[in-house]
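Chains as they are written, first to last, in the working numbering: chain A, 1156 to 1501; chain B, 1156 to 1501.
Beta carbons are placed, not taken as given, at the ideal position from N, Cα and C, and that holds for glycine.
Here the structure is a predicted model, which means the values were calculated and not measured.
Rendered as structure tokens:
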């Protein structure tokens, strides 16, 4: 349907140089001497003929495919996978890399399966990103160690693979800090009974910030399932225990907190402040009043992963140094309309 | 960190054949004569040496990259993109294809940008999938016509590119049918004021099914924004107009319908039945009672796209025949707990 595309010989003829020179200029081959004037002439000729270098041929020569692979656990079940993919893809495009995706099954144990990694290696990806949200640490298969790799959301048990994590603890502490600043002293935490890294990090952050504010009150922690029903049940108990603010482990629990407040006749935020975590669309803007919550750095983690991987591929990354200290990205409070000073102080 | 991988010559030596024969067997090259016994010996040797054919070299020879590209509009903003990607990726893996992803900006006009398509073509993808949820029809750029391509969620204005769509109309009609079967006669529709294909298809399905049941009642259609506030306002008006059931354009509007029912003192489902559309996690299971809604075939559309693309790449697809008749996949009712017979009939 389209005319035969221009070849490297056509460009060479138009620019009056050899095909080798065209190749050196367009592939920016290191350690070759071509004058800037000649290079300009080659680029103009290539543009005029709409010539595009054959990436397959280039890949064979350089042994680089300019493709990076993203393995995500349970892409369809994780509400945030979209932003990890978007951050990784946009950073890949900026670096002229292709992002390939494979979904990996959610695993109970922390040992990553070698199979999806091998599928990427068979396709000669230059590096692999593994993204998980359910494990503190993962045990990498041998084949993941044979190629540049980075982790999103978990540490490498062997400390060899660079990793990036959200700062769940500081994020939770900043919520308590904000509520204390508004005058709250009875701040309940609707905690998740599920054993995942986010559960522990957020609870630690809540407890540390409460202790910092000299508000230790273990009676104001209630556990529930990390969903609307769990949040409903925990919030009923927290209201009855005297909480003027309820900090929910996640936005889904906050949905239930709103129902509990309505049943107890407490208006949000006048009688009860509620804060969530995750900024999981469409929940915060679907609640009335809109939910104040905490944003996770998923886009940023995806972009960091590609940036770090590109440095490792180029041999610029100090692999072991990066891996020994996982990079931690901040979680920030997204203020909406569900927080006000406690009733007694107004 | 790993030993030098086995090459094709190592396999040839172990099997006692030429490297060409190894290539023919492992690449399943058509029109070559190798006895089944020899082929077995080659495969055994390859397995023993853990030899994997160089896909880059093979791609250069066959001009096939075994990679297909998925372009999605606004991947992070579309709640269903995850299931489209999962369906496409799992089908790609079954066919030994790699799925590469690029996010395309959401466009106001139906003309697809040539740039992200070109980014895939530069990488020698064997075919391109374009997924959108905001347009009835798209106008394909010239470069998309130079390679096998399929569309998800929209028709090609020129009728050249095969497309797959959800059957919004039949999905909406089946909700009305279910409510009529439960005894409802005053079935309100909280319609979206937004101009996207889903809005029109669902409204047409509601009106057609109401007419079929001889329940034409244009007074029971109320328009609102396609979010919780829009659903809240529309449902208040529908309750006041006498509706015993409210069918919401989407699940986000249903969140507002629950609030409107609570404010009017109507228990769900005893006093008011509510149905959504989209089955958008985590909404249906986060509402109390859990929301009966309609599931969209996103996984199936992603899988269909890769299957159809693979047929076109292999030259088996009857391109124009497929394109002339977009494939329509069913939307099915997911029954939960928000529907009961109307109060008068119990």
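Rounded to whole angstroms, what is the Cα-Cα separation between residue i and residue j?
i	j	result
residue 1322(A)	residue 1172(A)	55 Å
residue 1414(A)	residue 1444(B)	12 Å
residue 1247(A)	residue 1222(A)	9 Å
residue 1318(B)	residue 1470(B)	17 Å
residue 1220(B)	residue 1316(B)	21 Å
residue 1503(A)	residue 1327(A)	Chain A is shown from 1156 up to 1501; residue 1503(A) falls before or after that span and cannot be answered.
residue 1179(B)	residue 1203(B)	18 Å
residue 1457(B)	residue 1366(B)	34 Å
residue 1255(A)	residue 1162(A)	27 Å
residue 1355(B)	residue 1404(B)	10 Å
residue 1464(A)	residue 1283(A)	8 Å
residue 1387(A)	residue 1241(B)	32 Å
residue 1325(A)	residue 1453(A)	16 Å
residue 1340(A)	residue 1401(A)	11 Å
residue 1311(A)	residue 1455(A)	20 Å
residue 1434(B)	residue 1489(B)	8 Å
residue 1406(A)	residue 1377(A)	16 Å
residue 1331(B)	residue 1225(A)	42 Å
residue 1336(A)	residue 1429(A)	15 Å
residue 1165(B)	residue 1292(B)	54 Å
residue 1313(A)	residue 1333(A)	37 Å
residue 1422(B)	residue 1422(A)	20 Å
residue 1191(B)	residue 1462(A)	48 Å
residue 1446(B)	residue 1383(A)	13 Å
Going along chain B, which residues have a C-beta under 8 Å from residue i?
i	result
residue 1439(A)	None at all; the shortest Cβ gap to chain B is about 11 Å.
residue 1345(A)	Near residue 1345(A) there are no residues of chain B at all, since even the closest Cβ is about 14 Å away, more than 8 Å.
With 16 as the cutoff for other CB atoms within 10 Å, does residue i come out buried or exposed?
i	result
residue 1416(A)	buried
residue 1351(A)	exposed
residue 1238(B)	buried
residue 1260(A)	exposed
residue 1480(A)	exposed
residue 1493(B)	buried
residue 1294(A)	exposed
residue 1374(B)	exposed
residue 1251(B)	exposed
residue 1199(B)	exposed
residue 1371(A)	exposed
residue 1439(B)	buried
residue 1176(A)	buried
residue 1347(A)	buried
What in chain A is Cβ-close to residue i, meaning under 7 Å?
i	result
residue 1443(B)	1383 and 1414
residue 1410(B)	1441
Under a CB-based cut-off of 8 Å, is residue i close to chain A?
i	result
residue 1263(B)	no
residue 1257(B)	yes
residue 1354(B)	no
residue 1248(B)	yes
residue 1475(B)	Confidence is the limiting factor: at residue 1475(B) the pLDDT is only 49, short of 50, which leaves the residue's position unreliable, though a coordinate-based value still follows. Cβ-Cβ to chain A under 8 Å: no for residue 1475(B).
Counting only beta-carbon separations shorter than 8 Å, does residue i have a partner in chain B?
i	result
residue 1253(A)	yes
residue 1407(A)	yes
residue 1161(A)	no
residue 1274(A)	yes
Output, in chain order, the set of chain A residues within a Cβ distance shorter than 9 Å of residue i.
i	result
residue 1369(B)	What residue 1369(B) touches in chain A: nothing, since even the nearest Cβ is about 36 Å away.
Residues of chain B with CB closer than 9 Å to the CB of residue i, please, in chain order.
i	result
residue 1334(A)	Per Cβ cutoff of 9 Å: no residues; residue 1334(A) is ~24 Å from chain B at best.
If the criterion is Cβ atoms closer than 8 Å, does the pair residue i and residue j meet it?
i	j	result
residue 1287(B)	residue 1309(B)	yes
residue 1448(A)	residue 1431(A)	yes
residue 1495(B)	residue 1418(B)	no
residue 1385(B)	residue 1360(B)	no
residue 1451(A)	residue 1486(A)	yes
residue 1269(B)	residue 1298(B)	yes
residue 1243(A)	residue 1466(A)	no
residue 1349(A)	residue 1381(A)	yes
residue 1296(B)	residue 1280(B)	no
residue 1196(A)	residue 1170(A)	yes
residue 1399(B)	residue 1498(B)	yes
List, in order along the chain, the chain A residues whose C-beta lies closer than 8 Å to that of residue i?
i	result
residue 1468(B)	The contacting residues do not exist; residue 1468(B) stays about 15 Å from chain A at best.
residue 1245(B)	1258
Is residue i close to chain C? Criterion is C-beta to C-beta, closer than 8 Å.
i	result
residue 1278(B)	This model lacks chain C altogether, as its protein chains are A and B.
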